[in-house]
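J.: Mind looking over this structure? Questions follow.
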Amino acid sequence: MEEIAQLKQQLEKQEKLASLGMLSAGIAHEIQNPLNFVINFSKMSERLLDDLVESVESGDTEDIKDIVSSLKSNMAQIVESGERAVSIIQGILLVSRGKENEFIPSDVCKIVKEYVWLSYHAMRAGNHGFNVAIHEDYADNLPMTEVIPQDLSRAVLNVMNNACYAVWRKAEKAGEGYSPEINVKVESLPMQGGVGGGLLISISDNGEGMSDEVKERLFENFFTTKPIGHGTGLGMGITRDIIENKHGGKLTFTSQEGVGTTFTFEIPFKRS
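Numbers 116 to 387, taken from this note's numbering, label the letters of the sequence shown in order.
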């Protein structure tokens, strides 16, 4: 029993490192896009400045107006791309700054959005042919919610990674007629009798779904359907612990083999 406990502890550390590695790949891949925009629009602006000098020397006022307009548009694109890169970094810093098991008032929609896309970009980084349509629905004016940001982001990442893997596996088998889709939603949970309330986070995919055996064993330690080296079999057990034990919430799922899977997190506004 002691050896099994030690093995589990080692695999939990391995699972954390694997998540960190995937997260790092996603960060690098996602930040690369806005940085490419900054570089490309800067190069275009440099060429436009050369054209502007020629137009000024020739006195072509119409050409000058067109070039100035293009430069303003390029500057706006550079600012937007730079702010996107900053937003990605700030979201990561928010999650990494908190202490272990520390509840912090957080913008849950922002956490979910950042880690949904980091998961997507991590999958893209490892599988260049991978693509999926991601549909997002974030409720407006949701209150800041006390959560453990590092843990909630890890739970979102675990489920999103599985969703990406499920649609990728199905795409490999189904061929061109299949369109991979993932739906992400964050909404408020209604209060009952003047108490309670919270947030509901759902991640749905139209991937390969789960068999009855997989559904029964989903939260078992060391159980995984992924090939050796691609999963420790601890991710979903850790996710349930994060949502139910640490946040006092509820994790549920529905799945139909060959059709898809939906995971739902219920996060209460107030911890009991």
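Even glycine gets a Cβ: it sits at the ideal position worked out from N, Cα and C.
1) Could you give the C-beta distance for Ala279 and Tyr235, rounded to a whole number, given that I count them as a contact under 8 angstroms?
2) Determine the extent of the alpha helix (DSSP H) in which Met353 is found, giving its start and end residues.
3) Taking only runs of the beta strand (DSSP E) that begin and end inside the stretch 211-247, which ones reach a length of at least 3 residues, in chain order?
4) When you compare the CB positions of Ile263 and Lys361, do they come within less than 7 angstroms of one another, or not?
5) Take Leu167 and list the residues in its own chain whose beta-carbon comes closer than 6 angstroms to its own, dropping the five residues that flank it on each side.
6) Would a C-beta distance cut-off of 7 angstroms place Pro383 and Gly322 closer than the cut-off?
7) Quick check on this structure: which residue in Glu287, Ala237 and Leu315 has the alpha carbon closest to the alpha carbon of Thr367?
8) Given a cut-off of 7 angstroms, decide if Ser317 and Lys300 are closer than it, judged by their beta-carbon atoms.
9) Roughly how far, in whole angstroms, is the beta-carbon of Glu296 from the beta-carbon of Val247, given that I think they are within contact range, below 8 angstroms?
10) Excluding sequence positions up to five away, which residues of its chain have a Cβ less than 7 angstroms from the Cβ of Asp259?
11) Please classify Lys238 as buried or exposed, where buried requires at least 16 other C-beta atoms within 10 Å of its C-beta.
12) Note the first and the last residue of the continuous beta strand (DSSP E) segment covering Glu331.
13) Grab the span of the alpha helix (DSSP H) containing Ser268 for me, first residue to last.
14) According to DSSP, is Gly74 helix, strand or coil?
15) Under 7 angstroms Cβ to Cβ from Glu118, same chain only, skipping five residues before and after it: list those, please.
16) When you compare the stretch 261-275 with the stretch 286-294, are there three or more beta-carbon pairs, one atom per stretch, that lie closer than 8 angstroms?
17) With a 10 Å radius around its C-beta and 16 neighbouring C-beta atoms as the bar for buried, classify Arg162 as buried or exposed.
18) Among the candidates Asn242, Asn276 and Tyr293, whose CA atom is the shortest distance from the CA of Thr354?
19) Thinking just about the alpha-carbon of each residue, which of Ser268, Lys187, Ser294 and Asn256 is nearest to the one in Ile249?
20) Just how far apart, CA to CA, sit Thr176 and Ser184?
21) Measuring straight from C-alpha to C-alpha, what distance separates Gly350 and Asn273?
22) Under the three-state reduction of DSSP, which class applies to Val299: helix, strand or coil?
23) Buried or exposed for Gly352, going by 16 or more other Cβ atoms inside 10 Å?
24) Are Ala270 and Ser303 touching if we call contact CB-CB under 7 angstroms?
25) Got a sec? Which residues, its chain only, sit under 8 angstroms from Asp197 by beta carbon, not counting five neighbours each side?
T.: According to the structure shown:
1) Looking up residue 279 in the sequence shown gives position 164. Looking up residue 235 in the sequence shown gives position 120. In the sequence on display, residue 279 carries Cys and not Ala. Indeed they touch by this definition, with Cβ atoms about 6 angstroms apart.
2) Taking the first residue of the sequence shown as 1, we reach residue 353 at position 238. Checking the sequence, you will find Ile at residue 353 rather than Met. Run containing Ile353: Gly350 to Arg355, per the alpha helix (DSSP H) assignment.
3) Those beta strand (DSSP E) runs which fall completely within the stretch 211-247 and span 3+ residues are 219-221.
4) Stepping through the sequence shown from its first residue, residue 263 is reached at position 148. Stepping through the sequence shown from its first residue, residue 361 is reached at position 246. For Ile263 and Lys361, yes; Cβs fall inside 7 angstroms.
5) Walking along the sequence shown from the start, residue 167 turns up at place 52. Ile182, listed in sequence order.
6) The residue given as residue 383 occupies position 268 in the sequence shown. The residue given as residue 322 occupies position 207 in the sequence shown. When the beta-carbon positions are compared, Pro383 and Gly322 stay at least 7 angstroms from each other.
7) Translated into positions along the sequence shown, residue 367 becomes position 252. Nearest option by C-alpha distance: Leu315.
8) As a first step, residue 300 is located in the sequence shown; it is residue number 185 there, counting from the start. As a first step, residue 317 is located in the sequence shown; it is residue number 202 there, counting from the start. Cβ atoms of Lys300 and Ser317: closer than 7 angstroms.
9) What you label residue 296 is simply residue 181 of the sequence shown in a count that begins at 1. What you label residue 247 is simply residue 132 of the sequence shown in a count that begins at 1. Approximately 7 angstroms separates the beta-carbon atoms of Glu296 and Val247; this is inside 8 angstroms, confirming the contact.
10) In the sequence shown, counting from the first residue as 1, residue 259 sits at position 144. The amino acid occupying residue 259 in the given sequence is Met; Asp does not appear at that position. If we look at Met259 and ignore the five residues flanking it on each side, its Cβ neighbours are Pro220, Ser221 and Asp222.
11) Indexing the sequence shown from 1 puts residue 238 at position 123. The question names Lys, but residue 238 in the sequence shown is Met. Buried.
12) For the purposes of this step, residue 331 is taken as the residue at position 216 of the sequence shown. Secondary structure note for Glu331: it is in no beta strand (DSSP E), and the uninterrupted alpha helix (DSSP H) holding it is Asp327 to Arg332.
13) Against the sequence shown, residue 268 aligns to sequence position 153. Ser268: member of the alpha helix (DSSP H) spanning Pro264 to Ala289, first to last residue.
14) Because the chain spans 116 through 387 in this model, residue 74 falls outside it and cannot be assessed.
15) On the sequence shown, residue 118 is found 3 positions in, with the first residue counted as 1. Result list for Glu118: empty, nothing under 7 angstroms.
16) By the criterion of at least three beta-carbon pairs nearer than 8 angstroms, the stretch 261-275 is not in contact with the stretch 286-294.
17) Along the sequence shown, read from residue 1 onward, the residue named residue 162 stands at position 47. Classification of Arg162: exposed, given that the 10 Å Cβ count is below 16.
18) Residue numbering aside, residue 354 sits at position 239 when the sequence shown is read from its first letter. Minimum Cα distance to Thr354 is reached at Asn276.
19) For the purposes of this step, residue 249 is taken as the residue at position 134 of the sequence shown. For the set Ser268, Lys187, Ser294 and Asn256, the Cα lying nearest the Cα of Ile249 is the one of Ser294.
20) Start at 1 with the first residue of the sequence shown, and residue 176 comes out as number 61. Start at 1 with the first residue of the sequence shown, and residue 184 comes out as number 69. Rounded to whole angstroms, Thr176 to Ser184 spans 12 angstroms at the Cα level.
21) For this step, residue 350 is matched to residue 235 along the sequence shown. For this step, residue 273 is matched to residue 158 along the sequence shown. Cα to Cα, Gly350 sits roughly 6 angstroms from Asn273.
22) Locating residue 299 in the sequence shown gives position 184, counting from the first residue. Val299: strand per DSSP, three-state reduction.
23) Numbered from its first residue, the sequence shown carries residue 352 at position 237. Gly352 is buried by the Cβ-count criterion.
24) One-based indexing of the sequence shown puts residue 270 at position 155. One-based indexing of the sequence shown puts residue 303 at position 188. Contact: no.
25) Numbered from 1 along the sequence shown, position 82 holds the residue referred to as residue 197. One detail in the question is off: residue 197 reads as Gly in this sequence, not Asp. Here the set comprises Pro149 and Val153.
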